[in-house]
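Some notes on the structure that comes next.
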Amino acid sequence: MGVYKRKLAKGIRYFFSGQYKGQKYFSKANFLTKTECQKAERYHLQKLETDAQKPQSDISLFELISARLDEIKQNKSNKYYEESRRYFKMLLDYTGNVEVAEVTKAQVYQMIQTFSRDLRTRGKTNHKANACLRSLKALFNFGIVIYDIEMRNPCLGIKMLPVDIKLKYIPPDEEIRAIKAICDREEALLIDFVDQTGCRINEAIRLTYEDIEDDLLTLWTHKAKNSNLTPRRIPIPPCLKKKKGKGRVFKRWELPPRFLSDKIRELGFKQWGFHNFRHRRASLWAKEGRTLLEIMQLLGHANLSTTQKYLQILGHIKL
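Laid out in structure tokens, this is it:
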């Protein structure tokens, strides 16, 4: 910051210029004396400081939603973005484009209850209503943290709605054998690898021979959109022992393959996907007596609660 003089047609005039928290500020050259200019600059800085400390409470709901969607688009999946946009539109339609601080807990509660009744009328569970509540809670937390909105999150204290837990389908051995019987060698190997490791399908097609070392291999995954790849080490499954090569192990696929659903449809089985192998492997490890911590690490979960949910919703099916 500083005071400067400028020679104008009407004579010498002073102005101030500087930076405050990375933002440039300046005045017009209309002060007659240096002292007058310094006093004006001090007043201007005091005002900037007061404005910076004052919580922002006049942001509209539409503005907050737009900012939150931009943040989601950068860091989350397209599916999460589309779901969030749908839930935010529901809130906007319900409350109107009011100031964010004017949204009440009663409004959020009534909107969630209405959504729940509509879902039940259509024979749906409350999973989407709970997902909506989580999205709205994250929306208001975003506003409170990023925009310093002086308010209590209106979602706090609203309980999740009860849902019926559905058992995950665990494909039995005979069904997997029937599918592999009509697969070629590469397809069968991919099925064996996912089945024996419980890995995500993207982790499998990303695997390279360079990731295999001694008795362990490294799997890589993105924990979130645009995040760095995160590694985890697991034992080499029987299907890959003694196999050698260079580059990606499953070179045939750049994206998650579709052949599994095609084979299942061809055989007339109930539809399921590669992710069901992940639940199957968790079930087998639990039956082997592995600890919850071991299963969490092998599956690459970030916390134990996720693994607990996996094991709580597994069916007791003879494999």
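Following the working numbering, the numbering of the sequence shown begins with 3 at its first residue and continues without gaps. Heads up, the beta-carbon is just placed ideally off N, CA and C, and yes, glycines get one too. Predicted model, so just to flag it, every value in this text is computed and none were measured.
- In the three-state scheme derived from DSSP, where H, G and I count as helix and E and B as strand, T52 is classed as helix.
- If you ignore the 5 residues before and after F33, its C-beta comes within less than 6 Å of the C-beta of Y16 and C39, all in its own chain and listed in chain order.
- Pairing L294 with R179, the inter-Cα distance amounts to about 29 Å.
- Every alpha helix (DSSP H) stretch that sits fully inside the region 265–320 and reaches 4 residues is listed by chain position as 276–290, 294–301 and 306–314.
- When the beta-carbon positions are compared, I160 and E101 stay at least 8 Å from each other.
- Judged by pairs of C-beta atoms under 8 Å, the region 185–205 touches the region 232–247, as three or more such pairs exist.
- Taking a C-beta distance under 8 Å as the contact criterion, Q115 and T97 do not qualify as a contact pair.
- When DSSP states are grouped into helix, strand and coil, K81 belongs to the helix group.
- In this structure, DSSP gives S229 a state outside helix and strand, which the three-state scheme calls coil.
- Of K272, F64 and L138, the smallest CA-CA separation from P173 is found for K272.
- F18: member of the beta strand (DSSP E) spanning G13 to Y22, first to last residue.
- The C-beta of V147 has fewer than 16 other C-beta atoms within 10 Å across all chains shown, which makes the residue exposed.
- With fewer than 16 other Cβ atoms from the protein chains shown falling within 10 Å of its own Cβ, V165 counts as exposed.
- Bridge pairing for V5: F18 [DSSP].
- For F28, the enclosing beta strand (DSSP E) starts and ends at Q25 to F28.
- Under the DSSP assignment, T199 falls in the alpha helix (DSSP H) whose first and last residues are R187 to T199.
- Per DSSP, the unbroken alpha helix (DSSP H) holding L141 starts and ends at H129 to I148.
- Excluding sequence positions up to five before and after T223, its CB lies within less than 7 Å of the CB of R202, N204, E205, L231, T232 and G302, all in the same chain and listed in chain order.
- When Cβ pairs closer than 8 Å are counted between the two stretches, the region 120–127 is seen not to touch the region 69–88, the count staying below three.
- In this structure, the beta-carbon distance from R234 to L221 falls below 8 Å.
- Judged by their CB atoms, L66 and S86 are not nearer to each other than the 8 Å cut-off.
- Bridge partners of H224 according to DSSP: L231.
- At a Cβ-Cβ threshold of 8 Å, A140 and L163 do not count as neighbours.
- When T52, R88, E51 and K81 are compared, the shortest CA-CA separation from S68 is found for R88.
- Between the alpha carbons of F28 and K9 lies a gap of roughly 17 Å.
- Between T210 and R250 the beta-carbon gap is near 5 Å, inside 8 Å, which marks them as a contact.
- With contacts defined by Cβ atoms closer than 8 Å, P156 and K91 do not form a contacting pair.
- In this structure, DSSP gives I151 a state outside helix and strand, which the three-state scheme calls coil.
- Of the candidates R136, E176, K170 and L169, R136 places its Cα closest to the Cα of L158.
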